[in-house]
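Enquirer: Below is the structure I would like to discuss, written out as structure tokens.
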Amino acid sequence: MTKYTQLVHSLETGIASVKISQPVTSITLKFCQQTRSHGARHFWRKNMSQLQYMNPQVRFNVELSKEKIKPLLEIQAPSGLKTLDITGLNSSDIVKKLLSSL
1 MTKYTQLVHS LETGIASVKI SQPVTSITLK FCQQTRSHGA RHFWRKNMSQ LQYMNPQVRF
61 NVELSKEKIK PLLEIQAPSG LKTLDITGLN SSDIVKKLLS SL
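Just so we're aligned: the sequence shown equals residues 1 to 102 in the UniProt record's numbering.
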């Protein structure tokens, strides 16, 4: 298996490799790197790329704050803005919470 094939396979498999069926325009991850936001960091590094690959129509943003803030996911849809508090969640729980809120 080539490196390219392995990369595509890793993007197409996993917990975050799902198509978002609801009309979502953007998803923004906000967290502070200086706090204990392990789940948010892992979600950013591993799961967000899978979501981006499977949903090219959705704009994904990451905002790193220098101030201590709670880790949040903001979902922008035509119906309005939803904010999800992801404090204390691991990356797979963040994906489940995101998908269940849509």
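Glycine is no exception: its CB is placed at the ideal position from the N, C-alpha and C atoms.
For the beta strand (DSSP E) containing residue 121, list its first residue and its last residue.
Expert: Since the first residue of the chain shown is 1 and the last is 102, residue 121 is not available in this structure.
Enquirer: Go to S65, then tell me how far its beta strand (DSSP E) extends in each direction, as first and last residue.
Expert: 59-65
Enquirer: Where does T35 sit, in a helix, a strand or coil, going by DSSP?
Expert: coil
Enquirer: From G80 to Q57, what distance separates their C-alpha atoms?
Expert: 17 Å
Enquirer: How is L72 classed by DSSP in three states: helix, strand or coil?
Expert: strand
Enquirer: Would F73 and L98 qualify as a contact pair, given that the criterion is a beta-carbon distance under 7 Å?
Expert: Checking the sequence, you will find Leu at residue 73 rather than Phe. Against a cut-off of 7 Å, the Cβ pair of L98 and L73 comes out as a contact.
Enquirer: What residues in its chain sit with their C-beta under 6 Å from that of G14, if we drop five residues either side in the sequence?
Expert: Q50
Enquirer: Need the endpoints of the alpha helix (DSSP H) that I94 sits in, please.
Expert: 91-101
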